[in-house]
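Comments concern the structure below.
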Amino acid sequence: MEKLLETGKVKSVGVSNFSIKTLEVLLQEAKIVPAVNQVQMHPCLPQRDLTEYCSAKGIHITAYSPLGQVNSPFFADETINRVAEKSGITAAQVLLSWAVQRGTSVIPKSEKEERLKNNIAIVQLDDEDFEAVENLHKQPGMNRQLIYSKTFIDGKRAQWGWTFEQLGWEYE
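Each step along the sequence shown adds one to the number in the working numbering, with nothing skipped, and position 104 is 105.
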């Protein structure tokens, strides 16, 4: 990817799903620090350590699946719905606003025009509401990823032929 920069065909390079562990391996060999790391990030999986690490290295975080997936717990969550009602916005807008307010960019998916319009209407959450969403992962059963690999190696969840432990991902 670094060679593509020299051609002028791309302006920057990035990575996806890199943990601190895999970024450290990459940065030992790379001549150019990635501009972005695209990872699953939402209130159940805020990835604070990764966010701080990337910020210190000048790597921007982009959150995919910031709204969760089908049957996401967020749309029925009391905290998210309380903040949405108080602010006069949708639950999705609460989630996206929280993510942007913490300095990450987001790439939500929707095929419905109304939702697409709502998704770009980001608001500033007050400190109390921001903290409520920021701490959602501390509630029992909420500190988790929402996209699961169905692959296992030696009884351990895996992705792309590597166990989560090998990839440096600390969640199961």
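Glycine residues also receive a C-beta, built at the ideal position from the N, C-alpha and C atoms. Since we're looking at a predicted model, the values are computed, not measured.
Check whether chain B comes within 8 Å of Glu79, counting only Cβ atoms and requiring the distance to be less than that.
Among the chains of the structure shown, chain B does not appear; only one protein chain is present.
Three-state secondary structure (DSSP) at Ile81?
Translated into positions along the sequence shown, residue 81 becomes position 80. Three-state result, Ile81: helix.
Determine the closest residue to Glu25 out of Asp155, Cys45, Lys58, with distance taken between C-alpha atoms.
For the purposes of this step, residue 25 is taken as the residue at position 24 of the sequence shown. Considering only alpha carbons, the answer is Lys58.
Can you tell me whether DSSP reads Ile121 as helix, strand or coil?
Counting from one through the sequence shown, the residue named residue 121 turns up at place 120. Looking at Ile121 - three-state DSSP - the assignment turns out to be coil, as it is neither helix nor strand.
Which of helix, strand or coil DSSP assigns to Gln41:
Counted from its first residue, the sequence shown places residue 41 at position 40. If DSSP states are grouped into helix, strand and coil, Gln41 belongs with the strands.
From Thr23, Cys45, Ile90, residue whose alpha carbon lies closest to that of Ser73
Your numbering for residue 73 matches position 72 in the sequence shown. Among Thr23, Cys45, Ile90, the Cα nearest to that of Ser73 belongs to Cys45.
Excluding the five sequence neighbours on either side, which residues of its own chain have a C-beta within less than 7 Å of the C-beta of Ile33, listed in chain order?
By 1-based counting over the sequence shown, the position of residue 33 is 32. The residues are Glu3, Leu6, Val14.
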